[in-house]
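Participant: If you want my numbering, it's the 1-based position in the sequence shown plus 7.
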Amino acid sequence: MSAQAAPFAVLTDIARRSRSLAAGLPEQQEAVTLWNGIGFMLAGQRFVAPMGEVVEILHVPRFTHVPGVRPFMLGVANVRGRLLPLIDLTQFLGLPRGSRSNRDRRILVVEQDDIFTGLVVDDVAGMQYFAEDSFVVHPGNVHEAVQPFVQGGYVRDEEIWNVFSTFALIDDERFLDVSQW
Numbered sequence: 008m009s010a011q012a013a014p015f016a017v018l019t020d021i022a023r024r025s026r027s028l029a030a031g032l033p034e035q036q037e038a039v040t041l042w043n044g045i046g047f048m049l050a051g052q053r054f055v056a057p058m059g060e061v062v063e064i065l066h067v068p069r070f071t072h073v074p075g076v077r078p079f080m081l082g083v084a085n086v087r088g089r090l091l092p093l094i095d096l097t098q099f100l101g102l103p104r105g106s107r108s109n110r111d112r113r114i115l116v117v118e119q120d121d122i123f124t125g126l127v128v129d130d131v132a133g134m135q136y137f138a139e140d141s142f143v144v145h146p147g148n149v150h151e152a153v154q155p156f157v158q159g160g161y162v163r164d165e166e167i168w169n170v171f172s173t174f175a176l177i178d179d180e181r182f183l184d185v186s187q188w
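Structure below.
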């Protein structure tokens with residue numbers, strides 16, 4: 008009996024020592040829920056448009072000026088057979104325009120119901136991801152003209168990215184009134 012117990016005792020001892028020296032499982036970390044959107048610059052401020060509101064990002068194409076419209080309406084461009092009205096968002100909002108030429112600026116293409124338009128912005132920062140718990144309801148330093156279209160903001164690396172709703176912009180009567188007369 009002791010001949011059979013000895014190998015069992017050795018195996019039990021090996022198992023006990025293995026468990027005591029084994030590394031534990033990695034610490035369980037809670038997954039962070041992320042919000043994403045398209046980042047862009049406007050008059051030196053960082054903005055982010057909700058992902059579902061921007062259908063395309065373009066370089067400023069050649070466009071045709073339209074007579075009798077407000078100055079913020081740059082003209083219309085033919086984008087794959089569709090006429091795309093180009094709106095200078097900086098000028099529409101009355102913000103100071105940077106020194107970049109139209110060739111160096113970008114267009115956020117927005118389509119909501121029957122409205123198809125291109126918003127000319129200073130620069131596009133691509134996809135931006137933010138932890139949902141970094142959301143602030145009332146971000147500071149938002150220009151008065153932009154406030155009706157800002158729906159909070161996200162803080163990352165001590166910088167605020169204001170959430171700019173292009174749908175709220177399209178719903179604004181002033182945006183649709185491009186006629187100069």
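All C-beta atoms in this analysis are idealised placements derived from N, C-alpha and C, irrespective of residue type, glycine included. Keep in mind the model is a prediction, meaning the values are calculated, not measured.
Apart from the five residues just before and just after residue 118, which ones in its own chain have a Cβ nearer than 6 Å to its Cβ?
Facilitator: 62
Participant: Closer than 6 Å by C-beta to residue 177: which residues in its own chain qualify, once you throw out the five before and the five after it? Chain order, please.
Facilitator: 119 and 122
Participant: Whole angstroms are fine: how far does the CA of residue 30 sit from the CA of residue 52?
Facilitator: 48 Å
Participant: Specify, as a first and last residue, the run of the alpha helix (DSSP H) that residue 173 falls within.
Facilitator: 173–178
Participant: Check whether the Cβ atoms of residue 125 and residue 114 sit closer than 8 Å, and answer yes or no.
Facilitator: yes
Participant: By alpha-carbon positions, which one of 144, 162 and 163 ends up nearest to residue 154?
Facilitator: 144
Participant: What do you reckon, are the CB atoms on residue 156 and residue 172 nearer than 8 Å?
Facilitator: yes
Participant: What does the alpha-carbon distance come out to for the pair residue 185 and residue 76?
Facilitator: 5 Å
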